[in-house]
DNA sequence: CTCGATGATTACAGTCTCAGATAGTTTCTA
DNA sequence: TAGAAACTATCTGAGACTGTAATCATCGAG
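Protein chains in written order, with my numbering: chain A, -14 to 168; chain B, -14 to 168.
1) Quick check on residue 56 of chain B: does DSSP put it in helix, strand or coil?
2) Buried or exposed: residue 44 of chain B, going by 16 or more other Cβ atoms within 10 Å of its Cβ?
3) According to DSSP, is residue 96 of chain B part of a helix, a strand, or is it coil?
4) Just the Cα atoms here: how many angstroms apart are residue 25 of chain A and residue 95 of chain A?
5) Could you name each continuous alpha helix (DSSP H) segment of 4 residues or more that falls completely within the region 71 to 123 of chain A, going from the start of the chain to the end?
6) Can you tell me the Cα-Cα spacing of residue 114 of chain A and residue 32 of chain A, whole angstroms?
7) List, in chain order, every chain B residue whose beta-carbon is nearer than 7 Å to that of residue 72 of chain A.
8) How about the region 72 to 90 of chain B and the region 98 to 118 of chain B: do they share at least three Cβ pairs that are nearer than 8 Å?
9) List the residues of chain B whose Cβ lies closer than 9 Å to the Cβ of residue 147 of chain A, in chain order.
10) Rounded to a whole number of angstroms, what is the C-alpha to C-alpha distance between residue 121 of chain B and residue 40 of chain B?
11) Compare the beta carbon distance of residue 64 of chain B and residue 56 of chain B with 8 Å and say whether it is the shorter of the two.
12) Check residue 28 of chain B in the structure and name its three-state DSSP category.
13) Excluding the five sequence neighbours on either side, which residues of its own chain have a C-beta within less than 7 Å of the C-beta of residue 127 of chain B, listed in chain order?
14) Determine which residues of the region 55 to 67 of chain A have a Cβ less than 8 Å from any Cβ of chain B, and write them out in chain order.
15) In the DSSP assignment, find the alpha helix (DSSP H) that holds residue 65 of chain A and state where it starts and stops.
16) With 16 as the cutoff for other CB atoms within 10 Å, does residue 118 of chain A come out buried or exposed?
17) What are the boundary residues of the alpha helix (DSSP H) that includes residue 134 of chain B?
18) Of all Cβ atoms in chain B, is any one closer than 8 Å to the Cβ of residue 40 of chain A?
19) Could you compute how far the alpha carbon of residue 160 of chain B sits from the alpha carbon of residue 67 of chain A?
20) Can you check whether the CB of residue 103 of chain A is closer than 8 Å to the CB of residue 93 of chain A?
21) Smallest Cα separation from residue 80 of chain B: which of B/30, B/61, B/144?
22) For residue 148 of chain A and residue 22 of chain B, what's the separation of their Cα atoms in angstroms?
23) Is the shortest distance between the beta-carbon of residue 117 of chain B and the beta-carbons of chain A less than 8 Å?
24) Using three-state DSSP, classify residue 43 of chain A as helix, strand or coil.
25) Could you tell me if residue 132 of chain A is buried or exposed, where buried requires 16 or more neighbouring beta carbons within 10 angstroms of its beta carbon?
26) Should residue 139 of chain A go down as buried or exposed, given a rule of 16 or more other Cβ atoms within 10 Å for buried?
27) Using a cut-off of 9 Å between C-beta atoms, extract the partners of residue 113 of chain A located in chain B.
28) Determine, using beta carbons only, whether residue 139 of chain B comes closer than 8 Å to chain A.
29) Report the neighbours of residue 76 of chain A on chain B: residues whose CB is nearer than 7 Å to its CB, in chain order.
30) Counting only beta-carbon separations shorter than 8 Å, does residue 79 of chain B have a partner in chain A?
31) Within 10 Å of its beta-carbon, does residue 97 of chain B have 16 or more other beta-carbons around it, so buried, or fewer, so exposed?
32) According to DSSP, is residue 21 of chain A part of a helix, a strand, or is it coil?
33) Looking at the C-beta of residue 151 of chain A, does it have a partner C-beta in chain B at a distance below 8 Å?
34) Is DSSP giving residue 128 of chain A helix, strand or coil here?
Here's what the structure looks like:
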């Protein structure tokens, strides 16, 4: 995540990124909503990734974990659909978490073709840590704002998201997306 | 750009990316600043990319064009440094624009090792189109807001960006970075 | 003029992320 | 029981980007 373009993006889970150099000439006025959103979105994503690093997690892992915590016992496919990644990708994502000892696949007795996904004990501990990190991250982002400003900002962003037809997806890292790379 | 994580990212700016499915369970409250920013940032990036498609441009091309328009006559290296991509990558990016007939490399008489980059006539036309697309995009993003709300949102976002130590970089697509991908 | 540094180009190797095709196992339905 | 369908796993390939190194032309300094 460097700096995205008004459409920069793709990334997601994209993810991983370095830091670009600072600019001199502003091609697009700094008061463009699009630019500010992308810039802050990427900044937030990068910072969140940095905060997760000490836990040994990537953003995608954290997103998956939180998703799973809220939907234990689901099949990989169901979770994949919810998150928006294809089944092929989901295999890999679950593999990662399983190797970390955070989740386990259990055969679903009702349908032995599929696995039911569950958090392990360590997985629950990690989920709590991720939530704590998320709270810290949230606080950092709003650090320069008064509570009233923060509330108003959230309100406006939600209004905007609604207008754009966006729905809460559960969390970041849940999307596969590509990043937009400017380039 | 799907849905990013609080650190979703990476991505992207980029990548990639398709559209995820809608959610059911919100793992992270929809009122999290981090989530809203990433979500809206990626959404904006994706939409911007869609708007550029009819012009035959990728986001990276548009970002480069706008940068170049504001800094004609610079060497590739100078532009690369400004944008934050390495020289190797820059060669490719300029090649793309040159093949599209939008920019041209001219030998710098003062230093014949380097090229001075300039927009072609078609390049200028395209820059205007990109700016128009950007304006439309901007309007779309703010469609659900009153002018006062939009102004306030911009104000709050700028305040936030300042607090986070972010500086205007000129534009999206300007950064190389990785995208943030959620997982 | 010679040498060292620089700018641009090219070729490679390597990383990441993701999609598509395919196959194996199991379940469901007729 | 046979066939269709679902779920998962594996393999292959694409796209975007980084980094290194080698090459060539040119510039600046000594």
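Glycine included, each C-beta is placed from N, C-alpha and C at the ideal position.
All of these numbers come straight from a predicted model, not from anything done at the bench.
According to the structure data:
1) Counting from one through the second chain, the residue named residue 56 of chain B turns up at place 71. Correct three-state label for residue 56 of chain B: coil.
2) In the second chain, residue 44 of chain B corresponds to position 59, counting from 1. Label assigned to residue 44 of chain B: buried.
3) On the second chain, residue 96 of chain B is found 111 positions in, with the first residue counted as 1. Three-state DSSP puts residue 96 of chain B in a strand.
4) For the purposes of this step, residue 25 of chain A is taken as the residue at position 40 of the first chain. For the purposes of this step, residue 95 of chain A is taken as the residue at position 110 of the first chain. Rounded to whole angstroms, residue 25 of chain A to residue 95 of chain A spans 45 Å at the Cα level.
5) 72 to 84
6) On the first chain, position 129 is the one that residue 114 of chain A refers to. On the first chain, position 47 is the one that residue 32 of chain A refers to. One C-alpha to the other measures close to 16 Å.
7) Translated into positions along the first chain, residue 72 of chain A becomes position 87. Neighbours of residue 72 of chain A on chain B: none; closest Cβ ~12 Å, over 7 Å.
8) yes
9) Position 162 of the first chain, counted from the first residue, corresponds to residue 147 of chain A. In chain order: 129.
10) Walking along the second chain from the start, residue 121 of chain B turns up at place 136. Walking along the second chain from the start, residue 40 of chain B turns up at place 55. Distance between the alpha carbons of residue 121 of chain B and residue 40 of chain B is about 14 Å.
11) Here residue 64 of chain B corresponds to residue number 79 of the second chain, with the count starting at 1. Here residue 56 of chain B corresponds to residue number 71 of the second chain, with the count starting at 1. Their beta carbons are under 8 Å apart, which means residue 64 of chain B touches residue 56 of chain B by this criterion.
12) Reading the second chain from its first residue, position 43 is the one you call residue 28 of chain B. It is helical.
13) As a position in the second chain, residue 127 of chain B is number 142, starting the count at 1. Cβ neighbours of residue 127 of chain B beyond the five flanking positions: 135.
14) 55, 56, 66, 67
15) As a working mapping, residue 65 of chain A is identified with position 80 in the first chain. Taken as a continuous stretch (DSSP letters only), the alpha helix (DSSP H) holding residue 65 of chain A covers 61 to 68.
16) Numbered from its first residue, the first chain carries residue 118 of chain A at position 133. Residue 118 of chain A should be labelled buried.
17) By 1-based counting over the second chain, the position of residue 134 of chain B is 149. From DSSP, the alpha helix (DSSP H) with residue 134 of chain B extends over 132 to 148.
18) On the first chain, residue 40 of chain A is found 55 positions in, with the first residue counted as 1. Not closer than 8 Å to any Cβ of chain B, the Cβ of residue 40 of chain A fails to qualify, so no.
19) The count along the second chain starts at 1 and reaches residue 160 of chain B at position 175. The count along the first chain starts at 1 and reaches residue 67 of chain A at position 82. A caution first: residue 160 of chain B carries a pLDDT of 36, below 50, which makes its placement in the model unreliable, though a value can still be read off. Answer to the nearest angstrom: the Cα atoms are 31 Å apart.
20) Here residue 93 of chain A corresponds to residue number 108 of the first chain, with the count starting at 1. Here residue 103 of chain A corresponds to residue number 118 of the first chain, with the count starting at 1. Contact: no.
21) The sequence position of residue 80 of chain B within the second chain is 95, counting from 1. With distances taken between Cα atoms, residue 80 of chain B lies closest to B/61.
22) For the purposes of this step, residue 148 of chain A is taken as residue 163 along the first chain, with counting starting at 1. For the purposes of this step, residue 22 of chain B is taken as residue 37 along the second chain, with counting starting at 1. Approximately 15 Å, taken between the alpha carbons.
23) What you label residue 117 of chain B is simply residue 132 of the second chain in a count that begins at 1. It does not; no Cβ of chain A falls within 8 Å.
24) To locate residue 43 of chain A, count along the first chain from 1; it is residue 58. Coil.
25) For the purposes of this step, residue 132 of chain A is taken as residue 147 along the first chain, with counting starting at 1. Under this definition residue 132 of chain A is an exposed residue.
26) The residue given as residue 139 of chain A occupies position 154 in the first chain. Under this definition residue 139 of chain A is a buried residue.
27) Here the question's residue 113 of chain A lines up with position 128 in the first chain. Result: empty, since nearest Cβ-Cβ is about 13 Å, beyond 9 Å.
28) For the purposes of this step, residue 139 of chain B is identified with residue 154 of the second chain, where counting begins at 1. Cβ-Cβ to chain A under 8 Å: yes for residue 139 of chain B.
29) On the first chain, residue 76 of chain A is found 91 positions in, with the first residue counted as 1. Under the 7 Å cutoff, chain B gives no residues; its nearest Cβ is about 13 Å from residue 76 of chain A.
30) Taking the first residue of the second chain as 1, we reach residue 79 of chain B at position 94. No, because no Cβ of chain A sits closer than 8 Å to the Cβ of residue 79 of chain B.
31) Residue mapping note: residue 97 of chain B aligns to position 112 of the second chain, counting from 1. It counts as exposed.
32) Here the question's residue 21 of chain A lines up with position 36 in the first chain. Helix.
33) Counted from its first residue, the first chain places residue 151 of chain A at position 166. Answer yes: the Cβ-Cβ gap between residue 151 of chain A and chain B drops below 8 Å somewhere.
34) Mapped onto the first chain, residue 128 of chain A falls at position 143. Three-state DSSP puts residue 128 of chain A in coil, outside helix and strand.
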